[in-house]
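Worksheet: the structure to be examined is printed underneath.
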Amino acid sequence: MEYNFREIEKKWQKRWVEMNTYRVTEDKSKEKYYVLNMFPYPSGAGLHVGHPLGYIASDIYARYKRLEGFNVLNPMGYDAYGLPAEQYAIQTGQHPAVTTEANIKRYREQLDKIGFSFDWSREVRTSEPDYYKWTQWAFQKMFNAYYDNREQKALPIDQLIKHLEKQGTEGLDAACSEELSLSAAEWKAMNEKAQQQFLMNYRIAYLGETMVNWCAELGTVLANDEVVEGVSIRGGYPVVQKKMRQWCLRVSAYAQRLLEGLDNVDWTDSLKETQRNWIGRSEGTEVEFAVKDSDVKITIFTTRADTMFGVTFMVLAPESELVEQLTTPEYKAEVDKYVAATKKRTERDRISDRKVSGVFTGAYGVNPLSGETIPIWVSDYVLAGYGTGAIMAVPAHDSRDYAFARHFNLPIIPLIEGADVSEESFDAKEGIVMNSPKVDSTTDTKQKNGETGLVLNGLTVKEAIAKTKEYVTRHHLGRVKVNYRLRDAIFSRQRYWGEPFPVYYKDGMPYMISEACLPLTLPEVDEYKPTATGEPPLGNAKYWAWDEEKQQVTDTDKIDHIRVFPLELNTMPGFAGSSAYYLRYMDPHNNKALVSKEVDEYWQNVDLYVGGTEHATGHLIYSRFWNKFLFDCGVSCKEEPFQKLVNQGMIQGRSNFVYRIVSQNSPSDNENTKHTAPVFVSLGLKDKYEVTPIHVDVNIVHGDVLDIEAFKAWRSEYNNAEFILEDGKYICGWAVEKMSKSMYNVVNPDRIVENYGADTLRLYEMFLGPVEQSKPWDTNGIDGCHRFLKKFWGLFYNNRTDEFMPNDAEATPEQLKSVHKLLKKVTSDIQHFSYNTAISAFMICVNELSQARCTNRHLLANLVVALAPFAPHIAEELWSALGNNGSVCDAKWPVYDEKYLVENEIQLAISFNGKVRYQKIFASDATNDVIEKSVREDERTEKYLEGMTIVKVIIVPKKIVNVVVKG
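Position in the sequence shown counted from 1, then plus 2, gives you the working numbering.
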């Protein structure tokens, strides 16, 4: 019986559905294991072979844990809101819901063909109201909460209000946008609007003025990863920096907990370091610099207060409000021009760009320690959102300050006595002398005000920093502070296709609709573009107002600001729906809670999370923040959502090229006849011509050989193309590039499944290399995995006679050793995600068993179970053929026995005077006397003696035998 993968895979995919094989319930008699993939955005292009890589890796592990006896949750859903569907709607007029539904259907068909063990009864879609109801609910919880720094947790805003009623801000230590001060009497004297404005400074979800990436053509704010080199990734439209009033989430309040939590998760060191750098904790000092001839003060943050004597200029971020205040009239035009140009650059571009640029404001600051005046500049290497948006520049000890000073010929003052300032000597080292230019190196001096000056002579860097901090604090020049690079998340998007905010506006202030009225569903609109007056697309909705009395949505034309109020026109960003989806998978049909306490305490958190490294500083930060907030609210029982995380590498495309002759005159044409049709020359002959390489669809190339007829049909302009062949074939060139539709190197997994089967696809994607590494896709090697499955099938069925061969024949020691060696190897490799080496071990074992003609039913059954996580369809078919009822998923993972791995024989190299001449096998427990006697008696020894005599025999245990001879 031949291996008919098409029938087998179709049969078992149908049976899995009928038997609810992958449906999971909370079974307290079993230990849980939760496997999760970063769920996909369903694009119209469908899956290419790179997409399933992580899904296959996690599916193998999920199946393995189930075979080990765990109750495994392995869900899947769709991140269904997003800009692509909305842009398609703008272009075609088709509702994004229709497009999204079609795309999801396509994805589901492709995923089912690959044979994943997903529990589809738990499917979630972020665009469904019964899902985003809980996103809206969480947002309301954040709006009605503040972060208490002393308790290091979120607390109800009502507690903050009670504190303000009793003490005002006295004794209050809460995360805020701006440090404010008022008395209890002042709080009580405020009207409702003023109180709401005051509370906005503390809410975890708050409205704030912030710089955003604004794309006018798309009519929306874009995230940093949606912008490259000043234009939008989608459409290539210009993006500028713009200050807008946006909903924000106070992620920064959780910065320290986000840092500390990294110590409690099993992530790679590189990923943890990426998050630590993104969070960016720094301990330093906030210092105020007065501005000459002005009442304005500039607050700067520095981690090296000890270098203040080396400050030679100051720099403001272009977005800083101080720029306009401090710029003098003669420099205004130049500063305005520079600020306008900076608006076209994203923060990411500014951080990565090392080019020096800036303009002088005409103003001067005053160094609070030395009293010296220093020029104030504007430059885009300073960011408004980090620190205070202003820096003191110490060019002798900072590379970017140094480059700026060199470029604009500004002073550079070394703080190391006698130091030679160069680009390699920015950071002072422990134990060096830190001299103030105003302080003699041997004696203490007095400042102008008569107080003892700050002398840093002979101190280490650490001591100098501490002494400077103490001095600045004591003299009320500033304060010690911990700062974080992590910024609050911008949570508004001017889009239609996203979660609506459950917010209406009364007297210009936001109010939450009743929790009982959730979800607030997305309304219908006539157009998906912004309105004529520039409002977001929801401004086109005719039915988008809130009747406060009836507690329901009503017609927009009924807005009277007395009983009926306008609803929020922005929608939430993409990360809103993906931040807590792992919790919803636990309890997806619960209408009363995001997740019930009982269910959450069973599943707890994700044991294995698989996804790409591109989400390290976006999704993973936001999801951890969101979960910590829900932990504070008592909803999530674990602070960290993802215990172990594995980043799968990227599958790169193997592009193919054809070579079109530029000159239509072929040098081999004696008559120099000009061809009118395009002429393509094969790879090995292209150097004889002037050619242009052209990407060609890899799906019409097989083993780098072009299917010429398919190529002619591929593009109409190639219908009459001519080809210069080598050995009767057209050989294409190739390169490894990013898998992309524009390079025609996208491989559809459907085609692989149709030609080779899903089990072959699964094996091959894992066989390409380690899961974490990126690797090129090359269909030239897929035949090997397919032949392996045929050979595996051949252990069970005789293709000529259709005989089912497994029986009760006794297994030989060699066969037992072969299988148990495999089981040990595969068990370890799965646990370490070394799937490629596990598959190699399978191939070796099957070869050994084939040669040994193994028919032992028990050994072969163990082999089937071990292969089941990798190739579930063939495993199910053979498990059934072996007489087992139910699914192979419910078998027990075979345990290897060390006794079968004990080596009974050893092979030793036999050398003569140090030169190896032959190999000989001995019993593993053979004594040296037995070994020597055997070597002396071996007929091959006589050949190498040639009349010489043996002086002695040296035996290195389990390695070598050296026969010393002389003539």
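Note that the Cβ used here is the ideal one computed from N, Cα and C, for glycine as well.
Let's test the definition: count the other Cβ atoms within 10 Å of the Cβ of Q154 and tell me whether it reaches 16, buried, or not, exposed. exposed
Of all the options Y486, A335, G237, which has the alpha carbon lying nearest to the alpha carbon of A218? G237
Going by CA-CA distance only, name the one from K67, D114, R356, D132 that's closest to E501. D132
Helix, strand or coil: how does DSSP classify A737 here? strand
Please classify V505 as buried or exposed, where buried requires at least 16 other C-beta atoms within 10 Å of its C-beta. buried
Just confirm the distance between the C-beta atoms of G364 and T390, as a whole number of angstroms; I'd bet it's less than 8 Å. That belief does not hold up - the Cβ atoms of G364 and T390 are roughly 21 Å apart, past 8 Å.
Over the uninterrupted alpha helix (DSSP H) stretch that includes Y134, give me the two end residues. 131-145
Within 7 Å, strictly: CB atoms of V967 and I952: yes
Mind checking whether the beta-carbon of S842 lies closer than 6 Å to any heavy atom of the ligand ADP? The ligand ADP is absent from the structure shown, which contains no ligand whatsoever.
Is it the case that the Cβ atoms of D780 and R656 are separated by a distance below 7 Å? yes
Measure the C-alpha to C-alpha separation of E465 and V482 and round it to an integer number of angstroms. 15 Å
Measuring CA to CA, which of Y624, K135, E228 is closest to I978? No information on residue 978 is available, as it lies outside the stretch 3 to 969 that the chain covers here.
Among P512, F200, A177, D706, which has the Cα closest to the Cα of L184? F200
Excluding the five sequence neighbours on either side, which residues of its own chain have a C-beta within less than 7 Å of the C-beta of L520, listed in chain order? K135, Q138, W139, P504
Spatial distance of D562 from E550 (CA atoms): 11 Å
V229 bridges to which residues according to DSSP? S234
Find out if the Cβ-Cβ distance for the pair T276, A618 is shorter than 7 Å. yes
Collapsed DSSP secondary structure at M192 in the structure displayed: coil
If you measure between the beta carbons of R25 and D121, is that distance less than 7 Å? yes
Go ahead and label G173 buried or exposed: buried means 16 or more other beta carbons lie within 10 angstroms of its beta carbon, across all protein chains shown. exposed
Does the region 242-251 come within contact of the region 194-212, defined as at least 3 CB pairs closer than 8 Å? yes
Near W716, what residues of its chain come up, given a Cβ to Cβ distance below 7 Å and the 5 sequence neighbours on each side ignored? D699, I702
Do L273 and E767 count as a contact pair if the criterion is CB distance below 7 Å? no
Answer yes or no: do E907 and S882 have a C-beta to C-beta separation smaller than 7 Å? no
Take A407 and list the residues in its own chain whose beta-carbon comes closer than 6 Å to its own, dropping the five residues that flank it on each side. P397, I414
Using CA atoms only, rank isn't needed, just tell me which of I962, L479, F631 is closest to M144. F631
Per DSSP, S625 forms a beta bridge with which residues? None; S625 has no bridge partner.
Does M511 come out as helix, strand or coil in the three-state DSSP assignment? strand
With respect to the alpha helix (DSSP H) encompassing R586, which residues constitute its N-terminal and C-terminal limits? 583-588
Using alpha carbons as the reference points, say which of Q15, S516, S638 lies closest to K552. S516
Between the region 283-294 and the region 470-482, can you find at least three pairs of beta-carbon atoms closer than 8 Å? yes
Would E616 count as contacting chain B if we go by Cβ distances under 7 Å? Among the chains in the structure shown there is no chain B, since it carries only a single protein chain.
For the region 813-820 against the region 844-860, do three or more pairs of beta-carbon atoms, one drawn from each stretch, fall closer than 8 Å, so that the two count as touching? yes
I need the straight-line Cα distance from A147 to L417, nearest angstrom please. 47 Å
Among I163, E900, Y799, whose alpha-carbon lies nearest the alpha-carbon of H822? E900
In whole angstroms, what separates the C-alpha of P158 from that of N39? 33 Å
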